[in-house]
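Engineer: Quick note on our numbering: the sequence shown kicks off at 1008 and runs consecutively.
Cβ coordinates follow ideal geometry from the N, Cα and C atoms, glycine included.
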Amino acid sequence: MFPKTSLTALIVGLFLLYVLHTCWVMYGIVYTKPCEKPKSDSCISPYLAGKPRLQLSVYTALRPNADGGHSLIHREEEFDVNTRFERLVNVSLPKKTRKNGTLYAMVFLHQAGVSPWQDPHQVHLVTLLTTYMLPKPPEISLITGQDEPSDSELDRPVSHWRSRLTVNVVSENFQFDREALPGDVHRYMRVYQSGKKMIYLPLLFVDELSNRVKDLMEINSSSTELPLTISYDSIALGKLRFWIHMQDAVYSLQQFGFNEKDADEIKGIFVDTNLYFLALTFFVAAFHLLFDFLAFKNDISFWKHKKSMVGMSSKAVLWRCFSTIVIFLYLLDEQTSLLVLLPAGIGSLIEVWKVKKAFKIHVVWRGFTPTFLVNFSSSKPQSSDYQAMKYLSYLLYPLCVAGAVYSLVFVKYKSWYSWIINSLVNGVYAFGFLFMLPQLFVNYKLKSIAHLPWKAFTYKAFNTFIDDVFAFIITMPTSHRLACFRDDVVFLVYLYQRWLYPVDKTRVNEYGVSYDEKPKGKSHKD
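(1) Have a look at T1173, T1236 and S1228 and flag the residue whose alpha-carbon is nearest the alpha-carbon of P1101.
(2) Pop quiz: L1223 and R1185 are said to be a contact at Cβ under 8 Å. What is the actual Cβ separation, rounded to whole angstroms?
(3) Can you pull the DSSP bridge partners for Q1129?
(4) Nearest-angstrom Cα distance between L1453 and C1328?
(5) Could you spell out the range, first to last residue, of the alpha helix (DSSP H) harbouring S1228?
(6) Quick check: I1237 and F1303, are their CB atoms within less than 9 Å of each other?
(7) Looking at C-alpha atoms only, which residue of I1036, P1053 and G1035 is the closest neighbour of C1042?
(8) I want to know whether the region 1097-1111 touches the region 1127-1137 - three or more CB-CB distances under 8 Å.
(9) How many Å lie between G982 and V1019 at the Cα?
(10) In angstroms with no decimal places, state the Cα-to-Cα distance between W1506 and V1497.
(11) On the criterion of 16 or more Cβ atoms from any shown chain inside 10 Å, does W1166 qualify as buried, or is it exposed?
(12) Which same chain residues, not among the five before or five after K1274, have their C-beta less than 7 Å away from its C-beta?
(13) Let me confirm a value: S1178 is counted as buried when at least 16 other C-beta atoms fall within 10 Å, else exposed. Which label applies?
(14) Cβ atoms of P1209 and V1096: under 9 Å apart, would you say?
(15) Span of the beta strand (DSSP E) holding R1373?
(16) Identify the residues that DSSP records as bridge partners of M1539: which are they?
(17) Taking all protein chains shown into account, decide if N1450 is buried (16 or more other Cβ within 10 angstroms of its Cβ) or exposed.
(18) By how many angstroms is the C-alpha of V1416 removed from the C-alpha of L1172?
(19) Using the DSSP secondary-structure output, state which residues sit across from P1234 in a beta bridge.
(20) With respect to the beta strand (DSSP E) encompassing T1173, which residues constitute its N-terminal and C-terminal limits?
(21) Cutting at 7 Å between CB atoms, please list the residues of its own chain near N1425, excluding the five before and the five after it.
(22) What is the residue span of the alpha helix (DSSP H) that Q1254 lies within?
(23) Given a threshold of 16 other Cβ atoms within 10 Å of its Cβ, counted over all protein chains shown, does A1056 qualify as buried or as exposed?
(24) So is L1431 buried or exposed if we call it buried at 16+ other beta carbons inside 10 Å?
(25) Run the CB neighbour count on L1021, radius 10 Å, all protein chains shown included, and call it buried at 16 or more, exposed below.
(26) Checking the sheet assignment: what are the DSSP bridge partners for L1061?
(27) In terms of residue numbering, what span does the alpha helix (DSSP H) encompassing K1103 cover?
(28) Does the beta-carbon of Q1125 have 16 or more other beta-carbons within 10 angstroms, so that it is buried, or is it exposed?
(29) In terms of alpha-carbon separation, which member of L1027, Y1503 and M1033 lies closest to M1253?
(30) For C1042, does the three-state DSSP call read helix, strand or coil?
(31) Determine the burial state of E1083: buried for a count of at least 16 other Cβ atoms within 10 Å of its Cβ, exposed for fewer.
(32) Using the rule of at least 16 other Cβ atoms within 10 Å of the residue's Cβ for burial, across every protein chain shown, is K1311 buried or exposed?
(33) From which residue to which residue does the beta strand (DSSP E) around V1534 run?
(34) Residues in the same chain with beta-carbon distance under 8 Å from G1245, minus the five sequence neighbours each way, listed in chain order, please.
(35) Could you check whether V1026 and A1365 sit closer than 9 Å to each other, using their CB atoms as the reference points?
(36) Can you find the residues in the same chain that come closer than 7 Å, C-beta to C-beta, to A1270, ignoring five residues on each side of it along the sequence?
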């Protein structure tokens, strides 16, 4: 029959198939099959092959169809498709836009000396120069008690100005096969008949991914004029197709409930890196997800079958539960990327379950009143555990209190809740590694590491080093980024202890327990 396959092997196999499938899809996106017979009628030839004289014109309008008028804000007279440029212009805002309204940009590529409104061979795109976002809560001094903004002001979306407009044109003279025209390019393509040949006009593209939250400017009634940076660069056909798919992916995420800030985190991955680093980002994110899942799976499996707390630091379990919850609340308060927030939330739930398992907590309902039953005998402090925590507490508590008082006086926060969470998380981040040390101390006293969930530790160790790379790619609070490197030190010490204390699961330790004992079966009569 079929050999027995573990769940981990199945998951890794499916993951590798997913990676290979994604690589194949990516290859299909960046590679476009050219027309094999350039002289045949089945080919669509580029308009740019005739080297026409072109102009780039940018207009603003209150409506996407220019009803109600339009205004010219920039015209590039000597436009060269292969020449990169950047122009800074000041845009006058209409009264309706200043009153929490919108404004559109109409980008035209047309023949030089001909008005874009009369040019039959012009191409144009319409894009928003404004977007709606909730205003960021101002940070105030909690000691001086400055006036706080009303909740109604913070809950109402406000129009923000997009200070960048990035335009691209495909510069290569690529001949498309009419029978194999990519669907993503088709919507950007305008064609006309010239004799027996089909000619496609320049492929014009407005890069929406370059519009970052950090570049947005809040519009108010006094904002009569705002700056706009118009940048142009040519683009390869493969990159254009890739960019179209990425913009569609970001738009889909927004339809599924991602807000502007969450979508901005995804945009930053694509905009702030080159294509090679982008490929590395994909593999890092994929392996991060895999090791996260495997670490969660093996951690749950280890604790599910654990019958006692022998060799385990009960205080370390409590500390991990407390710290992961505080970190999750801090990331939630900072509106961190969901790529960081979701694993932190799942980890918090698992740590709460581990505390319930370690202390054998049961909930008994008497009517509508819950009663919690805790078995403290299973979590009785061991001498080495207690001794390690005793010395660490002498350093920890004064520093945490001093840091909280200092931040209250000299640092501004959005609210008292924000200060409490920041004070707690600073203690967790700055001294969290100290609370990982009791387990190292227990290992040193027992001269053994057989009691630890090494499969889960291995996956977490891999994930820790992947987090080091992830920390430079995904936007996250600085303290959370530094915490990734803090964990490296602890895992290296764990690995050193594993080398120092070889695992002999058949040896009975000082607690009279052998970790390789097989359960005794029932005796049967012949």
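Structural biologist: A quick look at the data gives this:
(1) S1228
(2) Their Cβ separation, rounded to whole angstroms, is 42 Å, which puts L1223 and R1185 out of contact at 8 Å.
(3) According to DSSP, which records beta bridges pairwise, Q1129 is partnered with nothing at all.
(4) 24 Å
(5) Per DSSP, S1228 is not a residue of any alpha helix (DSSP H), being assigned neither H nor E.
(6) no
(7) Closest in alpha carbon position to C1042, among I1036, P1053 and G1035, is P1053.
(8) yes
(9) This structure cannot speak to residue 982, because the chain is shown only from 1008 to 1533.
(10) 15 Å
(11) Note on identity: in this sequence residue 1166 is Ser, with Trp being the wrong assignment. S1166 comes out buried.
(12) L1216, R1219 and V1257
(13) Flag for S1178 reads buried.
(14) Not in contact: V1096 and P1209 (Cβ atoms no closer than 9 Å).
(15) H1369 to R1373
(16) Given that the chain is displayed from residue 1008 to residue 1533, the structure contains no residue 1539 and the question cannot be resolved.
(17) buried
(18) 42 Å
(19) N1097
(20) R1171 to V1177
(21) Reading off the sequence, residue 1425 comes out as Ser, not Asn. Here the set comprises D1340.
(22) For Q1254, the enclosing alpha helix (DSSP H) has its first and last residue at L1244 to Q1262.
(23) For A1056, the number of other beta carbons within 10 angstroms of its own is below 16, and it is reported as exposed.
(24) buried
(25) exposed
(26) F1086 and Q1118
(27) K1102 to R1105
(28) exposed
(29) M1033
(30) Correct three-state label for C1042: coil.
(31) The Cβ neighbour count for E1083, taken over all protein chains shown within 10 Å, is at least 16; the residue is labelled buried.
(32) Classification for K1311: exposed.
(33) Outside the shown range of the chain (1008 to 1533) lies residue 1534, about which nothing can therefore be said.
(34) Only I1036, V1037, Y1038 and T1039 meet the Cβ criterion.
(35) no
(36) V1257, L1260 and Q1261
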